[in-house]
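In the working numbering, the protein residues as written are 102 to 185.
The C-beta atom is built at its ideal place from N, Cα and C for all residues, glycine as well.
Computed from a predicted model, the values in this text were never measured in an experiment.
All remarks here apply to the structure that follows.
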């Protein structure tokens, strides 16, 4: 079987052990509280480690969190450079 990440099944299953489900049903890495990228979520779903709702919800929230991060980043950057 070929996985989207290009990793082996064993590697993907081992990585899954390093995740947790938050109180909203979103899958996150234990190490940094971030949501795995879409290819890893797809591989977790292929191996039936998560269902489609977890995959879709996690992808959507990751995109929203990324967008919020960049908005704050550029807002702060602009603020710092306007006070020079």
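Asked                                                                                                              : Found
For residue 122, the residue or residues it bridges with in DSSP                                                   : 128
Outcome for residue 128 when other beta-carbon atoms lying within 10 angstroms are tallied against a minimum of 16 : buried
Short Cβ contact (8 Å threshold) for residue 160 with residue 142                                                  : yes
Integer Cβ distance of residue 110 from residue 102, believed to fall under 8 Å                                    : 7 Å
8 Å Cβ cutoff met for residue 120 and residue 131                                                                  : yes
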